[in-house]
Amino acid sequence: MTNTPQFLGRDLIVFDGTCVLCSGFFRFMLRHDRAGRFSFATAQSPLGQQLYRDLGLPADDFETNLVIVDGQPHQRLDAFAAAMRAQPRPWPVLSLCRFLPRRLKDALYFTIARNRYRLFGRQDSCPLPSPQIRARFAAGGL
Numbered sequence: 007m008t009n010t011p012q013f014l015g016r017d018l019i020v021f022d023g024t025c026v027l028c029s030g031f032f033r034f035m036l037r038h039d040r041a042g043r044f045s046f047a048t049a050q051s052p053l054g055q056q057l058y059r060d061l062g063l064p065a066d067d068f069e070t071n072l073v074i075v076d077g078q079p080h081q082r083l084d085a086f087a088a089a090m091r092a093q094p095r096p097w098p099v100l101s102l103c104r105f106l107p108r109r110l111k112d113a114l115y116f117t118i119a120r121n122r123y124r125l126f127g128r129q130d131s132c133p134l135p136s137p138q139i140r141a142r143f144a145a146g147g148l
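Here it is, written out as structure tokens:
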């Protein structure tokens, strides 16, 4: 993606707001991103929908989170690795998964992604965050 907008000077994580696993990743990042490096958006939001379309991804079947770091979009396990690399110790060690062969990474990721609702559950809607958490969302990200 070229000319990726900056999100209030922060990098961005786009996640499926109805997926329990994806929302858990969001809560993990919110808790550990003490520097406030990341803004957030749900995949269902206007911003999330636009980013998925811009990347040629389906805007109705969110099999990948998006992590945009320094204007560079990352998908699947590489998105997780980019997010972990940006965190304080000990979390960057988890970014080593980016060195796995692409076929292995994609097979692992898609196996979990396709079964995430069955394995972890699904919420009927994206829960409304508190005003303090809402402030971490990018414009158009809710």
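Start counting at 1 in the sequence shown, then tack on 6, and there's your number in the numbering used here. Note that the Cβ used here is the ideal one computed from N, Cα and C, for glycine as well. In this text the structure is predicted, and so the values were computed from the model without any measurement.
In this structure, Arg82 keeps its C-beta atom at 8 Å or more from the C-beta atom of Tyr123. Proximity to Glu69 across Gly147, Leu27, Gln129 peaks at Leu27, based on C-alpha coordinates.
The bridge partners DSSP lists for Pro137 come to none. Rounded to whole angstroms, the separation of the alpha carbons of Met90 and Val99 is 8 Å.
Around the beta carbon of Thr117, a 10 Å sphere encloses fewer than 16 other beta carbons of the protein chains shown; the residue is thus reported as exposed. The three-state reading of DSSP puts Ser51 in coil, since its state is none of H, G, I, E or B.
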